[in-house]
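A short worksheet on the structure shown next.
In the working numbering, the protein residues as written are 142 to 370.
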């Protein structure tokens with residue numbers, strides 16, 4: 142009977158010893174996994190901190206690109222863009238000097254995957270927007286201003302000092318005056334328009350519908366109003 146009891150005690154002790162060893166091994170494995178995760182996080186944080194992204198286009202949001210036009214984006218890692226590989230989703234990417242030119246398509250969102258060697262450093266997400274509308278001018282007079290009636294043409298442009306240079310083409314204008322509609326196939330006022338404007342009374346309101354196309358190949362309807370002196 143005594144031998145049987147000692148055998149049971151030894152058996153229980155061996156089981157307890159196995160359980161303790163398993164728990165110890167589990168703690169070691171957990172600590173090792175946590176250590177690897179911390180190393181991975183540190184390496185990733187290091188990579189992110191050395192990546193610099195600067196959008197040099199005329200945008201109100203750094204993570205916005207203009208549709209169908211080349212957007213100048215500066216992307217460097219450790220101060221250089223050498224050896225960086227960029228993959229565009231919903232956009233085309235080319236290089237120019239120290240910059241990348243990113244041209245989005247008609248989608249709403251674009252992505253740029255940045256890699257160095259075989260390591261993915263970061264994926265950038267951009268909203269895609271149409272370019273902002275330009276200001277309309279009759280001669281040198283801005284939309285909403287007062288004209289003499291001798292101005293010769295309408296033109297569309299961004300304000301002076303705007304970083305992005307953009308050429309706009311006026312495909313058609315329609316003048317609404319004295320219950321008449323007079324059309325021209327460019328921004329230049331026709332002879333009929335000139336006569337109607339010069340014959341208009343002082344303080345008369347001159348309204349135009351201007352059809353303007355930019356580099357993005359998007360035609361904008363730009364209502365424009367002037368007051369005659």
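Glycine residues also receive a C-beta, built at the ideal position from the N, C-alpha and C atoms. Small disclaimer: the values here were computed from a predicted structure and weren't measured.
Exercise. I think residue 284 touches residue 252, with their Cβ atoms under 8 angstroms apart; what is that distance to the nearest whole Å?
Worked result: On the chain shown, position 143 is the one that residue 284 refers to. On the chain shown, position 111 is the one that residue 252 refers to. Between residue 252 and residue 284 the Cβ distance is about 37 angstroms, and since that is not below 8 angstroms, they are no contact.
Exercise. Roughly how many whole angstroms lie between the Cα atoms of residue 342 and residue 369?
Worked result: Mapped onto the chain shown, residue 342 falls at position 201. Mapped onto the chain shown, residue 369 falls at position 228. Those two C-alpha atoms are separated by around 7 angstroms.
Exercise. So residue 281 and residue 363 are in contact, right, with Cβ under 8 angstroms, and what is the actual spacing, rounded?
Worked result: Residue numbering aside, residue 281 sits at position 140 when the chain shown is read from its first letter. Residue numbering aside, residue 363 sits at position 222 when the chain shown is read from its first letter. Going by Cβ atoms, the distance from residue 281 to residue 363 rounds to 17 angstroms, so no, they are not a contact pair.
Problem set entry | the segment 215-223 touching the segment 237-252, judged by at least three CB pairs closer than 8 angstroms | yes
For this session: Report yes if the C-beta distance between residue 288 and residue 347 is below 9 angstroms; otherwise report no.
Result: Counting from one through the chain shown, the residue named residue 288 turns up at place 147. Counting from one through the chain shown, the residue named residue 347 turns up at place 206. Closer than 9 angstroms, so yes.
Exercise. For residue 366, which of helix, strand or coil comes out of DSSP?
Worked result: On the chain shown, residue 366 is found 225 positions in, with the first residue counted as 1. Three-state result, residue 366: strand.
For this session: State buried or exposed for residue 210, treating a residue as buried only when at least 16 other CB atoms are found within 10 Å of its CB.
Result: The sequence position of residue 210 within the chain shown is 69, counting from 1. Classification for residue 210: buried.
Exercise. When we look at the beta-carbon of residue 261 and count the other beta-carbons within 10 Å, is it buried (16 or more) or exposed?
Worked result: One-based indexing of the chain shown puts residue 261 at position 120. Burial call: exposed.
Problem set entry | Host alpha helix (DSSP H) of residue 340 (start-end) | Residue mapping note: residue 340 aligns to position 199 of the chain shown, counting from 1. Taken as a continuous stretch (DSSP letters only), the alpha helix (DSSP H) holding residue 340 covers 332-340.
Exercise. Would a C-beta distance cut-off of 9 angstroms place residue 256 and residue 233 closer than the cut-off?
Worked result: To locate residue 256, count along the chain shown from 1; it is residue 115. To locate residue 233, count along the chain shown from 1; it is residue 92. No, the Cβ-Cβ distance between residue 256 and residue 233 is not below 9 angstroms.
Problem set entry | Whole-number beta carbon distance between residue 336 and residue 293, since they are thought to touch under 8 angstroms | Taking the first residue of the chain shown as 1, we reach residue 293 at position 152. Taking the first residue of the chain shown as 1, we reach residue 336 at position 195. No, residue 293 and residue 336 are not in contact; Cβ-Cβ is about 13 angstroms, not under 8 angstroms.
Exercise. The beta strand (DSSP E) spanning residue 270 covers which residue range?
Worked result: Counting from one through the chain shown, the residue named residue 270 turns up at place 129. Its beta strand (DSSP E) spans residues 260-270.
For this session: Return the CA-CA distance between residue 359 and residue 263, expressed in angstroms with no decimal places.
Result: Counting from 1 along the chain shown, the entry for residue 359 is found at position 218. Counting from 1 along the chain shown, the entry for residue 263 is found at position 122. Looking at the two C-alpha atoms, the distance is approximately 32 angstroms.
For this session: Determine the contact status of residue 267 and residue 250, defining contact as a CB-CB distance below 9 angstroms.
Result: Taking the first residue of the chain shown as 1, we reach residue 267 at position 126. Taking the first residue of the chain shown as 1, we reach residue 250 at position 109. Result yes, Cβ atoms of residue 267 and residue 250 sit closer than 9 angstroms.
Problem set entry | For residue 348: DSSP bridge partner residues | Taking the chain shown and counting its residues from 1, the one referred to as residue 348 is at position 207. 317, 366.
Problem set entry | Identity of the residues DSSP links to residue 211 by a beta bridge | Translated into the one-based positions of the chain shown, residue 211 becomes position 70. DSSP lists no partner for residue 211.
For this session: Along the beta strand (DSSP E) that carries residue 297, what are the first and last residues, could you check?
Result: Position 156 of the chain shown holds residue 297. Element bounds for residue 297: 295-298.
Problem set entry | Alpha-carbon spacing of residue 248 relative to residue 321, whole angstroms | Taking the chain shown and counting its residues from 1, one reaches residue 248 at position 107. Taking the chain shown and counting its residues from 1, one reaches residue 321 at position 180. Rounded to whole angstroms, residue 248 to residue 321 spans 41 angstroms at the Cα level.
For this session: Consult DSSP for residue 309 and reduce its assignment to one of helix, strand or coil.
Result: On the chain shown, position 168 is the one that residue 309 refers to. Note: residue 309 maps to coil in three-state DSSP.
Exercise. Say the cut is 8 angstroms; is the CB of residue 223 nearer than that to a heavy atom of the ligand GDP?
Worked result: Among the components modelled here there is no ligand, and therefore nothing to report on the ligand GDP.
Exercise. Name the DSSP beta bridge partners of residue 249, please?
Worked result: To locate residue 249, count along the chain shown from 1; it is residue 108. Its beta-bridge partners do not exist; DSSP assigns none.
Exercise. Per DSSP, which one or two residues make a beta bridge with residue 356?
Worked result: On the chain shown, residue 356 is found 215 positions in, with the first residue counted as 1. Looking at the DSSP assignment, residue 356 forms no beta bridge with any residue, so it has no partner.
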